[in-house]
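Engineer: Structure incoming, see below.
In our numbering, the protein residues as written are 145 to 314.
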């Protein structure tokens, strides 16, 4: 009985300390925000679709709203799964996101007034686990970017200068 208690304590210690350097899996699958897209469709003044010449995107739907000067581009694959959404206002991107074929969010980035990536950014594996996180500044990688493996375990940190050039990798 003593051996079982000692074994139980050791297993709990290993579980407690063995998981501290792992990236979390989102409890909720991050997929396309259909409420947002339905609202865009409903409020658009005109729409059109066209074929697109890539393997990962076969159709593009455009929703144009003259009220707020936005154009929303929704790219879908051959299975009609939404793979990318771009919203531009006055010809500048204000929203950009991309998805895997299973619908899982590939990455999320913040955009500045010029349509460049700016601020915190995260990219994900197809499973939903965090792949990489860091900061963009004026469209360039900036500072420390942490990398994780597919199991969520921390791998390394890459450091970038103000010009987006890698200066150090751990």
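By construction, the Cβ of each residue, glycine as well, lies at the ideal position given by its N, Cα and C atoms.
Among 255, 186, 287, whose alpha-carbon lies nearest the alpha-carbon of residue 208?
Structural biologist: 186
Engineer: In its own chain, which residues sit with a C-beta less than 6 Å from the C-beta of residue 248, not counting the 5 before and 5 after it?
Structural biologist: 270, 272
Engineer: Specify the secondary structure class of residue 113 as computed by DSSP and reduced to three states.
Structural biologist: Past the boundaries of the shown model lies residue 113; the chain is included only from 145 to 314, so the question cannot be answered.
Engineer: Give the single residue among 231, 294, 243, 268 whose Cα lies nearest to the Cα of residue 201.
Structural biologist: 243
Engineer: Spatial neighbours of residue 343 within its chain, please: CB distance less than 6 Å, with the 5 preceding and 5 following residues excluded, ordered by chain position.
Structural biologist: Since the first residue of the chain shown is 145 and the last is 314, residue 343 is not available in this structure.
Engineer: In angstroms with no decimal places, state the Cα-to-Cα distance between residue 183 and residue 235.
Structural biologist: 20 Å
Engineer: Find the nearest neighbour of residue 190 within the set 215, 176, 177, 174, judged by alpha-carbon distance.
Structural biologist: 215
Engineer: Helix, strand or coil for residue 288 per DSSP?
Structural biologist: strand
Engineer: Under a three-way DSSP split, which group does residue 224 fall into?
Structural biologist: coil
Engineer: Name the two residues that bound the continuous beta strand (DSSP E) containing residue 399.
Structural biologist: No statement about residue 399 is possible, as the shown extent of the chain runs from 145 to 314 and does not include it.
Engineer: Starting from residue 303, follow its DSSP beta bridges and name the residues at the other end.
Structural biologist: 288, 312
Engineer: Relative to the C-alpha of residue 301, which residue among 245, 311, 288 is closest?
Structural biologist: 288
Engineer: Going by DSSP, what residues sit across from residue 194 in a beta bridge?
Structural biologist: 204
Engineer: Output the boundary residues of the beta strand (DSSP E) element that contains residue 242.
Structural biologist: 236 to 243
Engineer: Quick one: Cα of residue 232 to Cα of residue 260, how far?
Structural biologist: So the two alpha carbons sit approximately 12 Å from each other.
Engineer: Who are the Cβ neighbours of residue 284 in its own chain at under 6 Å, not counting the five residues just before and after it?
Structural biologist: Result list for residue 284: 308, in chain order.
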